[in-house]
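Accompanying notes for the structure given below.
Have a look at this one:
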């Protein structure tokens with residue numbers, strides 16, 4: 435069963451579908467995205483929300499890959515993290531529906 439939660443990214447509200455018990459994880463992910471996007475916006479060089487979103491995604495992916503490279507040799511952790519991120523991405527895609535613009 436899923437529930438809907440309201441979140442805010444760079445001052446814009448979104449209603450997102452979320453599986454029961456995953457609300458806290460989704461809110462944490464939203465906070466990370468919001469923090470990264472606001473940081474890019476506050477530098478003042480880029481104003482377009484779409485460009486900010488792409489740069490934030492690249493920065494977060496780079497940080498994730500760097501953390502994975504520095505992680506211990508336990509192969510299950512990166513796989514589990516990747517699977518969880520994939521599920522989160524699917525939920526976000528479903529919540530955004532056919533709206534082709536994330537932001």
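Residue numbers (the working numbering): 435 to 537.
Backbone N, C-alpha and C define an ideal beta-carbon position, used for all residues, glycine too.
Predicted, not measured: the structure shown is a model, and the values here were computed from it.
* **Three-state class that DSSP yields for residue 440 in the structure shown** => Correct three-state label for residue 440: strand.
* **Three-pair Cβ contact test at 8 angstroms for the segment 463-483 versus the segment 438-446** => yes
* Alpha carbon to alpha carbon, what distance is there between residue 469 and residue 450? -> 18 angstroms
* Cβ neighbours of residue 454 in the same chain (closer than 8 angstroms, five flanking residues each side left out) -> 435, 436, 437
* To do: For residue 449, name the three-state secondary structure that DSSP assigns.
  => Residue 449 carries a strand assignment under DSSP once its states are collapsed to helix, strand and coil.
* What residue does the alpha helix (DSSP H) around residue 461 start on, and which one ends it? -> Annotation: the continuous alpha helix (DSSP H) that includes residue 461 extends over 457-476.
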